[in-house]
Structures are given as structure tokens and as C-alpha cells.
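Participant: Just so we're aligned: the sequence shown equals residues 15 to 257 in this note's numbering.
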Amino acid sequence: IKWIDSKKFEEDENALNELKNYDGIIVPGGFGASGVEGKIKAIGFARKNNIPFLGLCYGMQLAIVEFARNVCNMKDANTTEVDEKTEYPVIKILESQKDLIKDQKYGGTMRLGAYAAILDENSIVFELYRKLGRLETDAERIKEIKKESNQLFRLGVLNENNKVIIERHRHRYEVNPDFTKQIQDKGLIFSGYHLRTDGTKLMEFIELPNHKFFIATQSHPEFKSSLNKPSPLFFGFVKSCIK
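This is the structure:
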């Protein structure tokens with residue numbers, strides 16, 4: 015495992031060729047503008063060269079930015095965390111969160127801790143969680159959450175037919191629902207989401223079905239991953255890397 019400073023890719027695009035030496039690329043969580051363009055370039059390199067890619071939290075958001083720019087032709091698409099005036103704010107703070115910010119309730123704008131995600135049964139993500147038994151394990155966790163009325167917001171709106179898992183979060187910015195259809199129409203699949211009680215879908219997972227492995231999540235699955243019980247996403251990523 016080698017850590018790479020993404021800023022080197024901003025200074026010298028030819029440095030991206032170094033990534034061909036690796037079996038897979040992870041872009042982890044983060045914040046702010048430092049190194050962002052380098053991360054976006056690295057994600058694009060992984061996408062174009064069929065290199066296994068796993069994005070975590072900010073890594074998912076930047077994967078969406080990269081896809082919006084280079085596949086959906088949304089020139090200079092960005093997250094408003096980096097560019098508040100972007101014409102294509104594919105990642106932003108949602109309007110309901112802005113009301114909390116006006117009232118200086120900053121903590122209320124953050125998704126922190128466990129949240130439910132409804133999975134698309136036709137997705138790679140679903141198959142990974144199914145194979146590793148997480149649907150059953152997380153069903154027990156959901157039962158526990160249902161016993162605490164002040165924690166029901168973590169589940170959102172669910173029905174008995176949903177395939178649901180639980181992952182932990184720590185972030186404020188979300189995928190902008192105004193752009194999800196345009197992005198999915200170009201081939202990037204939103205394979206899981208959290209449905210809030212106000213009807214808003216918060217995107218939790220993305221994947222490219224025809225790629226060796228290109229998956230990202232808004233959550234932090236590393237918080238629940240261990241050597242004996244690996245996260246389904248890490249399991250799938252490493253398996254793809256050693257093929």
C-alpha cells in the first residue's frame with residue numbers, strides 16, 4: 015500500500031502514468047480544495063484505464079464530479095465545497111440543510127453516524143453485501159434502531175421489500191438530486207440511496223457496471239471493516255485487484 019499526494023498530478027499530468035503500476039486505487043474521505051483536481055484526474059485515469067477504484071465519502075463525490083465533467087459534458091462541474099459558483103453543482107449542501115445553517119445549527123447539517131441505505135438488487139454493490147451476509151446482520155441492527163424513537167431518522171422511509179444495509183457517515187455535502195438522472199442516463203449507476211422522511215433521496219453508492227471495479231460510497235465502510243469481517247466493498251475491491 016502506498017500513499018500518493020494527489021497534488022503531484024495537478025503539477026504534472028504525465029505523473030498519472032505512475033498509477034499504471036498499481037493494482038487498484040482508493041480515494042478516501044477528505045474535505046476542502048487542496049489536491050482535489052489531482053484526485054479528480056486520478057479517478058478519471060482509473061475509469062479510463064479499467065483500474066479497480068474505490069471511493070470513500072469525498073472520493074465518491076469527486077468521482078461524480080469527474081464523470082459529470084468528462085462523460086456528461088458538464089464543463090467545470092464541481093462540488094460547491096470547492097466552487098460555490100459552478101454552473102453544475104453536482105455536489106452541494108441541500109436546501110433543507112441551508113435553513114439550519116441560517117439558524118446557526120451547523121451540527122444539524124451533518125450526517126453523522128449510522129444511516130440506512132436501500133440497495134438496487136441488480137447492482138454489484140447489492141451482490142457484494144449479500145455474499146458477505148450483511149443484509150441479515152444489518153437487519154438485526156435495524157430492529158434495534160426501531161426501538162429508539164429518537165433514532166428513527168437514521169432509517170428514513172423503508173418498506174418490507176427493501177434490501178437495506180447500515181453504514182456510518184460523517185459528511186455535510188450531498189449529491190445534488192437535480193443531476194442524478196442526467197448522470198445515470200450516461201451510465202453511472204446510483205446503486206443505493208437513503209430515503210429521508212421528506213422524500214429526498216440521498217445517494218449512497220455509485221458503480222460502473224462494465225468496469226473491472228468502479229464503486230464508491232458516501233459512507234465510511236472502513237469504520238466497520240476488520241481482517242476477519244471485511245467490508246463488502248473492501249472485499250470486492252481487493253478481489254478485483256488480485257485478478
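Note that CB positions come from ideal geometry on N, CA and C, so glycine has one too.
Using CA atoms only, rank isn't needed, just tell me which of F45, T211 and I179 is closest to A128.
Facilitator: Looking up residue 128 in the sequence shown gives position 114. Checking every option, the nearest Cα to that of A128 belongs to I179.
Participant: So, using beta-carbon positions, are S20 and G49 closer together than 9 Å?
Facilitator: Taking the sequence shown and counting its residues from 1, one reaches residue 20 at position 6. Taking the sequence shown and counting its residues from 1, one reaches residue 49 at position 35. For S20 and G49, yes; Cβs fall inside 9 Å.
Participant: Can you have a look at L70 and say buried or exposed, based on whether 16 or more other CB atoms are within 10 angstroms of its CB?
Facilitator: Position 56 of the sequence shown holds residue 70. With at least 16 other beta carbons inside 10 angstroms of its own, L70 counts as buried.
Participant: Using the Cβ count rule (16 or more neighbours within 10 Å means buried), how would you classify S205?
Facilitator: In the sequence shown, the residue the question calls residue 205 occupies position 191. Looking at its Cβ environment, which holds 16 or more other Cβ atoms inside 10 Å, S205 is buried.
Participant: So, is V41 buried or exposed, given that buried needs 16 or more other C-beta atoms within 10 angstroms?
Facilitator: As a working note, residue 41 is residue 27 in the sequence shown. By the neighbour-count rule (16 or more Cβ atoms within 10 Å), V41 is buried.
Participant: Going by beta carbon distance, what residues of the same chain come within less than 6 Å of E188, once the five residues before and after it are set aside?
Facilitator: Along the sequence shown, one-based indexing puts residue 188 at 174. Counting only Cβ-Cβ distances below 6 Å, and skipping sequence neighbours, we find L108 and L216.
Participant: Within 10 angstroms of the Cβ of A153, are there 16 or more other Cβ atoms? Answer buried if so, exposed if not.
Facilitator: Taking the sequence shown and counting its residues from 1, the one referred to as residue 153 is at position 139. With fewer than 16 Cβ atoms within 10 Å of its Cβ, A153 is classed as exposed.
Participant: Using the beta-carbon count (16 or more within 10 Å), is F140 buried or exposed?
Facilitator: Along the sequence shown, read from residue 1 onward, the residue named residue 140 stands at position 126. Its Cβ being crowded by 16 or more others within 10 Å, F140 is buried.
Participant: Using DSSP with H/G/I as helix, E/B as strand and the rest coil, what is P103?
Facilitator: Stepping through the sequence shown from its first residue, residue 103 is reached at position 89. P103 falls in the strand class under three-state DSSP.
Participant: Can you check whether the C-beta of S205 is within less than 9 Å of a C-beta belonging to chain B?
Facilitator: Looking at the structure shown, chain B is missing, and only one protein chain is on hand.
Participant: How would you call E162, buried or exposed, if buried means at least 16 neighbouring beta carbons within 10 angstroms?
Facilitator: Residue numbering aside, residue 162 sits at position 148 when the sequence shown is read from its first letter. Flag for E162 reads exposed.
Participant: From the DSSP secondary-structure annotation, give me the bridge partner or partners of A230.
Facilitator: Start at 1 with the first residue of the sequence shown, and residue 230 comes out as number 216. According to DSSP, which records beta bridges pairwise, A230 is partnered with G69 and I220.
Participant: What is the DSSP secondary structure of G36, counted as helix, strand or coil?
Facilitator: For the purposes of this step, residue 36 is taken as residue 22 along the sequence shown, with counting starting at 1. In the sequence on display, residue 36 carries Tyr and not Gly. Of the three classes helix, strand and coil, the one that applies to Y36 here is coil, per DSSP.
Participant: Within a Cβ cutoff of 7 Å, which residues of the same chain sit near K257, ignoring the five residues on either side of it in sequence?
Facilitator: As a position in the sequence shown, residue 257 is number 243, starting the count at 1. Around K257: no qualifying Cβ.
Participant: Classify E150: buried if its beta carbon has 16 or more other beta carbons within 10 angstroms, exposed otherwise.
Facilitator: Taking the sequence shown and counting its residues from 1, one reaches residue 150 at position 136. Flag for E150 reads exposed.
Participant: Just how far apart, CA to CA, sit K89 and V104?
Facilitator: Here the question's residue 89 lines up with position 75 in the sequence shown. Here the question's residue 104 lines up with position 90 in the sequence shown. So the alpha carbons of these two residues sit roughly 11 Å apart.
Participant: Hey, how far is the Cα of I115 from the Cα of E98?
Facilitator: Residue mapping note: residue 115 aligns to position 101 of the sequence shown, counting from 1. Residue mapping note: residue 98 aligns to position 84 of the sequence shown, counting from 1. Caution is warranted here: a pLDDT of 45 is assigned to I115, below 50, making its placement in the model unreliable, and the coordinate value is therefore given only provisionally. Computed Cα separation, rounded: 15 Å.
Participant: Is the beta carbon of P235 sitting closer than 9 Å to the one on F248?
Facilitator: The residue you call residue 235 lines up with position 221 of the sequence shown. The residue you call residue 248 lines up with position 234 of the sequence shown. The Cβ atoms of P235 and F248 lie closer than 9 Å to each other.
Participant: Compare the beta carbon distance of F193 and I229 with 9 Å and say whether it is the shorter of the two.
Facilitator: Numbered from 1 along the sequence shown, position 179 holds the residue referred to as residue 193. Numbered from 1 along the sequence shown, position 215 holds the residue referred to as residue 229. Not closer than 9 Å, so no.
Participant: Classify N190 as buried or exposed, calling it buried when 16 or more other Cβ atoms lie within 10 Å of its own Cβ.
Facilitator: As a working note, residue 190 is residue 176 in the sequence shown. Flag for N190 reads buried.
Participant: Mapping the DSSP letters down to three states, classify E188 as helix, strand or coil.
Facilitator: Translated into positions along the sequence shown, residue 188 becomes position 174. Here E188 sits in strand by DSSP.
Participant: Quick one, are the C-beta atoms of V171 and L202 less than 9 Å apart?
Facilitator: Along the sequence shown, read from residue 1 onward, the residue named residue 171 stands at position 157. Along the sequence shown, read from residue 1 onward, the residue named residue 202 stands at position 188. No; because the gap between Cβ atoms is not below 9 Å, this pair is not in contact.
Participant: Assuming L142 and P246 make a contact with CB atoms under 8 Å, what is their CB distance in whole Å?
Facilitator: Mapped onto the sequence shown, residue 142 falls at position 128. Mapped onto the sequence shown, residue 246 falls at position 232. About 4 Å; that satisfies the 8 Å criterion.
Participant: Taking all protein chains shown into account, do 16 or more other C-beta atoms lie within 10 angstroms of the C-beta of F81, making it buried, or fewer, making it exposed?
Facilitator: Counting from one through the sequence shown, the residue named residue 81 turns up at place 67. Its Cβ being crowded by 16 or more others within 10 Å, F81 is buried.
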